[in-house]
Amino acid sequence: MDNVDLNLIRGFDALLTEGSVTGAAERLHTSAPAMSRTLGRLRRVFGDPLFVRAGRHLVPTARALELSSEVRTIAARARALFEPPQHADPATAVRAFDLQISDALSMTFTPALLQDLRNSAPGLTVRLHPESMEAVPALREGLIDLEIGDVSRHEREIEVEALAADVFVAAVHRSHPLSTSRQVTPEQFAAADHVAISRSGRAYGPIDAHLAELGLRRRVVAVVPTFAESLHLAQRAGLVCMCPAVLGRRAAEALELTTFPIPLTLPAADIGMAWHPRNAHDRLHRWLRTRVHAVMARELASEN
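Shown next as structure tokens:
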């Protein structure tokens with residue numbers, strides 16, 4: 003094993019991320035032939051093809067997937083170990099981070115975070131990923147660096163930090179009859195036409211369960227996958243939608259929506275961030291987490 007060096011781990015990590023020799027070469031600032039030689043060495047060391055062609059891309063074999071978590075962990079630790087101090091300076095660092103941010107935060111918190119990063123770390127690029135990815139495997143495999151949103155269901159191996167708590171309110175267009183009601187009752191709430199948010203297409207959720215306890219049932223006329231779509235349907239189609247009371251206020255007002263308390267006893271929505279332990283001591287990652295925390299606190303303070 004004397005011929006094994008850290009560059010093989012870096013190459014393995016890049017191939018896992020990019021899914022192509024060319025992409026991996028660009029990621030490591032080397033040539034495609036050099037990356038092909040690295041792949042050849044990896045195949046000899048592990049006695050497995052590791053990556054096989056599927057159309058225009060390379061896909062990992064079962065053996066490569068088995069090794070992927072450890073490879074990504076070693077690569078991340080090596081970057082943190084050998085990273086020169088100036089490269090950890092946000093003002094001069096050039097790096098990309100993969101973030102998965104809750105859809106409910108996409109119209110409020112995300113723009114504020116990106117503006118903050120543009121001002122303090124102009125060399126950073128943020129790649130945003132949809133919530134359709136399973137967060138724990140994505141964090142474990144290094145597909146995302148940080149998740150922001152509901153992180154209450156994570157396994158123990160994932161590190162989690164609480165950021166805030168918000169409650170959901172109902173939102174309707176200013177022309178909707180409920181917009182002028184002094185106090186909306188459960189019966190009035192259930193009688194209105196609603197739009198539900200579900201990536202899986204399910205119309206039944208916690209609100210419906212609470213209504214059922216009161217012997218009530220709401221009519222869900224549309225199910226959409228994103229918070230933004232629900233707001234636009236509330237604006238254009240006269241439906242009732244749900245949005246975060248504080249972090250969703252600005253988006254609702256921009257669409258001329260009025261909010262009112264949901265007449266049910268619902269728990270607050272906890273917002274947090276989660277990351278894999280491999281990134282715990284990465285200086286830039288740690289700095290990014292402090293910015294997320296600061297921006298969230300600032301946004302909540304500005305809306306209260």
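In this note's numbering, the protein residues as written are 3 to 306.
Positions of the beta carbon are idealized from the N, C-alpha and C atoms, including for glycine.
Owing to the predicted nature of the structure, the values given are computational and were not obtained by experimental measurement.
The C-alpha of Pro188 lies about 7 angstroms from the C-alpha of Leu266. In chain order, Asp100, Gln102, His131 and Ala140 place their CB closer than 6 angstroms to the CB of Ile146, counting only its own chain and leaving out the 5 sequence neighbours on each side. Separation of Thr110 and Ala36 (C-alpha to C-alpha, rounded to the nearest whole angstrom) is 44 angstroms. Counting only the Cα atoms, Arg219 lies some 43 angstroms from Thr292. The segment 180 to 200 makes contact with the segment 231 to 243: 3 or more CB pairs, one atom from each, lie closer than 8 angstroms. Sixteen is the threshold: when 16 or more other Cβ atoms of the shown chains lie within 10 Å of the Cβ of Gly144, as they do, the residue is buried.
Counted as a single uninterrupted DSSP element, the beta strand (DSSP E) harbouring Glu163 occupies residues Glu161 to Asp168.
Here the C-alpha atom of Asp105 lies approximately 42 angstroms from the C-alpha atom of Arg43. Looking at Ala90, Cys245, Glu133 and Asp152, the one whose alpha-carbon comes closest to that of Ala123 is Ala90. A distance below 8 angstroms between beta-carbons, with the five flanking residues on each side excluded, links Glu161 to the following residues of its chain, in chain order: Ala276, Trp277, His278, Pro279 and Ala282. When the alpha-carbon of Leu257 is set against those of His175, Glu133 and Leu83, the nearest one is in His175. Counting C-beta pairs closer than 8 angstroms gives three or more between the segment 71 to 79 and the segment 12 to 23, which meets the contact rule. By the 16-neighbour rule on beta-carbons within 10 angstroms, His31 is exposed.
The C-alpha of Ser108 lies about 32 angstroms from the C-alpha of Glu215. Cβ-Cβ distances below 6 angstroms link Leu119 to Leu126 in the same chain, with the five nearest sequence neighbours on each side left out; the list follows chain order. Runs of the alpha helix (DSSP H) spanning 4 or more residues and lying entirely within the segment 17 to 103 occur at 23 to 29, 34 to 48 and 64 to 84, in chain order.
Ser22 sits buried, since 16 or more C-beta atoms from the chains shown fall within 10 Å of its C-beta. When only Cα atoms are considered, Thr261 and Val153 end up about 26 angstroms apart.
A direct Cα-Cα distance of roughly 15 angstroms separates Pro263 from Pro179.
Here the C-alpha atom of Arg58 lies approximately 33 angstroms from the C-alpha atom of Glu231.
Assigned with DSSP and collapsed to three states, Ile146 falls in coil, not helix or strand. In this structure, the beta-carbon distance from Glu163 to Val138 does not fall below 8 angstroms. When secondary structure is reduced to three states using DSSP, Val174 falls in the strand class.
Between the alpha carbons of Glu159 and Leu148 lies a distance of about 14 angstroms. Judged by DSSP secondary structure, Pro124 falls outside any alpha helix (DSSP H); it is assigned neither H nor E. In the three-state reduction of the DSSP assignment, Met244 falls in the strand class. Sequence-distant partners of Ala167 (beyond 5 residues in either direction) whose C-beta falls short of 6 angstroms from its own C-beta, in its chain, are Ala270 and Asp272.
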